[in-house]
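Engineer:
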Amino acid sequence: MEYQPLRAPPTAAATASSSLHSHSESLYWRNQFYSPVFLKEFAPVTCIHFVPSSHATDDDPSGSSSRGRFAVTTGTRVQIYSMRTSRVVKTITRFKDVARSAHFRSDARLLVAGEDTGNVQVFDTNSRTILRSFQGHQMPVHVSKFSTDITQVLTASDDRTVRMWDMPEQKETRRFEGHTDYVRAGAISQDNPHVVMSGAYDGTVRLWDLRMSEHDGQAMCMEHGAPVEDVLVYPTGGSGVAVSAGGPMLRVWDIMSGGRCMRAISNHQKTITKLALSVESGAGFTSDEGSGGMRLLSGGLDHLVKVYDPAQDYRVTHTMRYPAPILSLAVSPDESHIAVGMSDGTLCIRKRELKASELESRERRRAALRTGAYEHFATGPTRASAATRADELSVESTRRQRLKRYDQLLKAFRYRDALDASLQQGVPASVTFALIMELIRRSPSGQADGLRRAISGRDDVTLEPILRFLLRHVTNPQYTHLVCDTLNLVIDTYASVLGQSPIIDDLFGRIWAKLGEEMRLQSQLFQVNGALEMLLARSALGAAMT
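Per this note's numbering, the very first residue in the sequence shown carries number 45; after that it's consecutive.
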């Protein structure tokens with residue numbers, strides 16, 4: 045990944061603009077997905093799954109074909125609904141106990157589901173006949189999914205195992221036994237069918253590699269800190285990012301960096317039970333048609349579905365409230381349906397109409413990919429000299445961005461020199477504080493963070509510019525918290541040698557005096573505020589009596 049130059053913290057105007065963007069996106073989710081349909085099932089709705097194809101309704105825009113359907117797992121049956129009519133078109137009841145985790149294969153011809161007896165069955169979606177039955181789990185199977193290799197099936201069970209099955213031979217091909225409690229979540233990387241992720245009630249998220257023989261196939265183990273209810277791996281282009289949900293917490297993991305926790309988010313009041321991705325819609329929505337931009341959705345026992353924007357540090361952009369605790373959540377591949385299943389058996393389906401311009405834009409993107417073959421480029425000079433076609437993609441060369449001196453030093457991990465460079469004359473204070481924020485953020489594995497490394501090991505001459513900078517901005521409300529954190533770190537680092545340099549002692553004295561003046565000013569402002577409130581209250585009382 046290419047180094048990203050420092051950016052100044054957002055100003056008040058930028059914050060207002062971001063708030064306006066969030067409001068417009070919230071309007072999108074509220075207005076586009078209008079008139080929710082509520083249906084009553086026979087038991088809690090534990091799983092919802094749409095046919096996993098980006099062209100789910102291309103062949104049949106009406107949604108009546110097998111590609112325009114979704115499976116709902118409830119009680120001892122699996123209901124298959126039509127996306128167009130929101131009605132049941134088929135019901136599969138050939139289970140001996142409670143059914144779990146019904147998932148379609150990408151061609152929509154087969155469906156796999158587990159049950160509480162430990163059996164896993166593969167059904168023909170048209171005839172509903174049982175084509176394969178995998179017997180090996182000893183306890184309820186809560187995960188059953190097809191791999192991107194359509195002949196492989198992933199399962200995970202309360203018997204603490206994760207298994208891969210081969211459909212043609214109807215036998216187990218791999219077993220992973222690292223978890224110490226119920227395994228309730230599992231996912232397969234869309235980029236690599238050999239990589240499997242699982243989450244369990246032991247509070248861990250584990251990454252398995254089918255090609256590994258050492259460590260029982262375990263490539264990575266990450267501590268979520270609570271029983272894991274669901275895991276999700278970003279699709280192609282997600283830069284090796286995964287998300288886990290457990291308790292009221294979401295954790296975002298950087299798989300490419302060895303399983304580092306990039307972000308911990310807690311916006312739910314109760315346990316998060318399900319995660320979903322909206323891949324093509326959900327961005328800035330400045331117009332009526334959805335534009336590109338991935339969104340993460342989470343549903344929980346607090347009756348809420350929350351929408352997060354990964355590009356804005358996973359800020360919540362919209363919240364949807366439902367009448368009961370949420371157990372399942374899914375978004376259709378064409379981003380036209382959101383289905384939510386609840387503990388009281390309620391199934392809620394929200395729809396939006398796909399605009400003609402949006403459909404045309406998607407078709408152009410797909411046509412461009414289809415024409416990117418050898419024959420497309422070997423069409424000769426006649427075609428090449430013709431006018432530019434709408435379905436052709438041109439890749440523009442980008443010039444390498446020239447980095448500032450402090451960015452070059454920060455990129456080279458020379459933190460002390462980078463801080464000195466940002467304190468030079470002509471560098472805006474906002475950039476210096478952006479550097480300080482970045483140094484604070486760089487604190488791997490509990491070691492001394494970047495700011496401590498940048499401040500420590502200095503004499504009075506090299507420490508003086510830092511204290512003069514803090515003196516200038518100690519009363520600036522926009523950066524108060526950063527100034528206080530940096531001052532505390534300077535005092536902790538050099539407490540044993542304070543009093544030995546007249547220059548440093550003088551600067552600390554001036555900072556102390558300036559803070560004293562600010563405290564007195566704040567005290568006077570509070571007195572003025574109290575006097576004004578008393579006068580206004582008396583004026584309001586007099587007006588009320590007359």
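C-beta atoms are modelled at their ideal positions from N, C-alpha and C, and glycine is treated no differently.
Per DSSP, PHE94 is paired with what?
Structural biologist: Bridge partners of PHE94: PHE114.
Engineer: Name the DSSP beta bridge partners of LYS215, please?
Structural biologist: The partner list for LYS215 (beta bridge, DSSP) reads ASP210.
Engineer: Does the distance from the CB of THR117 to the CB of ASP141 come in under 9 Å?
Structural biologist: In this structure, ASP141 does not lie closer than 9 Å to THR117 by Cβ.
Engineer: Rounded to whole angstroms, what's the CA-CA distance from GLU159 to TYR125? Just pull it up for me.
Structural biologist: The alpha-carbon atoms of GLU159 and TYR125 are separated by roughly 20 Å.
Engineer: How many Å lie between GLU216 and ILE174 at the Cα?
Structural biologist: Each residue's Cα considered, the two are about 18 Å apart.
Engineer: Which runs of the alpha helix (DSSP H) fall wholly inside the segment 514-579 and span at least 4 residues, in chain order?
Structural biologist: Correct list: 524-538.
Engineer: Could you tell me which residues DSSP pairs with LEU467 in its beta bridges?
Structural biologist: DSSP, once it has assigned bridges, lists no residue as partnering LEU467.
Engineer: What do you reckon, are the CB atoms on PHE513 and ALA473 nearer than 9 Å?
Structural biologist: A contact, by the Cβ cut-off of 9 Å.
Engineer: Within its chain, find whatever has a CB closer than 6 Å to the CB of ALA320; leave out the 5 residues flanking it on each side and keep chain order.
Structural biologist: Contacts found: LEU341, LEU373, ALA374, VAL375.
Engineer: Under 9 Å between the Cβ atoms of VAL349 and THR361?
Structural biologist: In this structure, THR361 does not lie closer than 9 Å to VAL349 by Cβ.
Engineer: Note down the Cα distance separating SER301 from ASP353, rounded to an integer number of angstroms.
Structural biologist: Cα to Cα, SER301 sits roughly 22 Å from ASP353.
Engineer: At which residues does the beta strand (DSSP E) containing VAL475 begin and terminate?
Structural biologist: VAL475 -> not in any beta strand (DSSP E); alpha helix (DSSP H) instead, spanning 473-485.
Engineer: Check for me: the alpha helix (DSSP H) holding GLN452 runs from which residue to which?
Structural biologist: It spans 449-455 - the alpha helix (DSSP H) in which GLN452 sits, taken as one unbroken run.
Engineer: Whole angstroms are fine: how far does the CA of ASP193 sit from the CA of THR205?
Structural biologist: About 21 Å.
Engineer: Which one or two residues does DSSP pair with PHE77 in a beta bridge?
Structural biologist: Answer by DSSP bridge pairing: none, since PHE77 is not bridged.
Engineer: In this structure, does DSSP put MET338 in helix, strand or coil?
Structural biologist: Reduced to three states, the DSSP call for MET338 is coil.
Engineer: So the candidates are ILE547, ASN520, LEU511; which of them puts its Cα closest to the Cα of ILE35?
Structural biologist: Any question about residue 35 goes unanswered here, given that the chain covers just 45 to 590.
Engineer: Determine the direct distance from the alpha carbon of MET241 to that of ASN520, and round the result to whole angstroms.
Structural biologist: Answer to the nearest angstrom: the Cα atoms are 47 Å apart.
Engineer: Could you tell me the alpha carbon to alpha carbon distance between SER288 and VAL89, rounded to whole angstroms?
Structural biologist: Between SER288 and VAL89, the C-alpha separation is close to 21 Å.
Engineer: Quick check for students: name the residue ranges of the beta strand (DSSP E) that lie wholly in the segment 156-186, counting only runs of 3 or more.
Structural biologist: Those beta strand (DSSP E) runs which fall completely within the segment 156-186 and span 3+ residues are 164-168, 174-178.
Engineer: Taking the Cβ atom as the reference point for each residue, do VAL130 and LYS318 lie within a distance shorter than 9 Å?
Structural biologist: Looking at the sequence provided, one finds Ser at residue 130 rather than Val. Not closer than 9 Å, so no.
Engineer: Whole angstroms are fine: how far does the CA of GLU221 sit from the CA of ASP332?
Structural biologist: Residue placement at ASP332 cannot be trusted, given a pLDDT of 41 that sits under 50; the coordinates are not used to answer.
Engineer: Report the rounded CA-to-CA distance for GLN445 versus GLN48, giving the unit in angstroms.
Structural biologist: Each residue's alpha carbon lies about 10 Å from the other.
Engineer: Check this for me: beta carbons of PRO271 and ARG228, under 9 Å apart or not?
Structural biologist: Yes, they are a contact pair.
Engineer: Note down the Cα distance separating THR530 from ALA368, rounded to an integer number of angstroms.
Structural biologist: Straight-line Cα distance between these residues: approximately 47 Å.
Engineer: Spatial neighbours of LYS314 within its chain, please: CB distance less than 8 Å, with the 5 preceding and 5 following residues excluded, ordered by chain position.
Structural biologist: So the qualifying residues of the chain are PRO292, GLY344, LEU345, ASP346, PRO369.
Engineer: Among the residues of its own chain, which have a CB less than 8 Å from the CB of GLU85, if the five just before and after it don't count?
Structural biologist: Once the five neighbours on either side are set aside, the close Cβ partners of GLU85 are VAL116, THR118, GLY119, GLN123, GLY385, GLY389, THR390, LEU391.
Engineer: Excluding the 5 residues flanking LEU559 on each side, which residues of the same chain have their C-beta closer than 7 Å to its C-beta?
Structural biologist: Within the same chain, LEU559 has close Cβ partners VAL518.
Engineer: Looking at the structure shown, is MET293 part of a helix, part of a strand, or coil, going by DSSP?
Structural biologist: Strand at MET293.
Engineer: Answer yes or no: do ARG460 and ARG486 have a C-beta to C-beta separation smaller than 9 Å?
Structural biologist: For ARG460 and ARG486, no; Cβs fall outside 9 Å.
Engineer: Is the beta carbon of PHE167 less than 9 Å from the beta carbon of THR199?
Structural biologist: In this structure, THR199 does not lie closer than 9 Å to PHE167 by Cβ.
Engineer: For ASP202, count neighbouring C-beta atoms within 10 Å of its own C-beta (all shown protein chains included) and say buried if the count is 16 or more, exposed if not.
Structural biologist: ASP202 should be labelled buried.
Engineer: Answer with buried or exposed for ILE309, where buried requires no fewer than 16 other C-beta atoms within 10 angstroms of its C-beta.
Structural biologist: The residue in question, ILE309, is buried, as its Cβ has 16 or more Cβ neighbours within 10 Å.
Engineer: Give me the Cα-Cα distance between ASP493 and GLY543, rounded to the nearest whole angstrom.
Structural biologist: The alpha-carbon atoms of ASP493 and GLY543 are separated by roughly 26 Å.
Engineer: Measure the alpha-carbon distance for LEU276 versus GLU508 and round it to whole angstroms.
Structural biologist: Looking at the two C-alpha atoms, the distance is approximately 49 Å.
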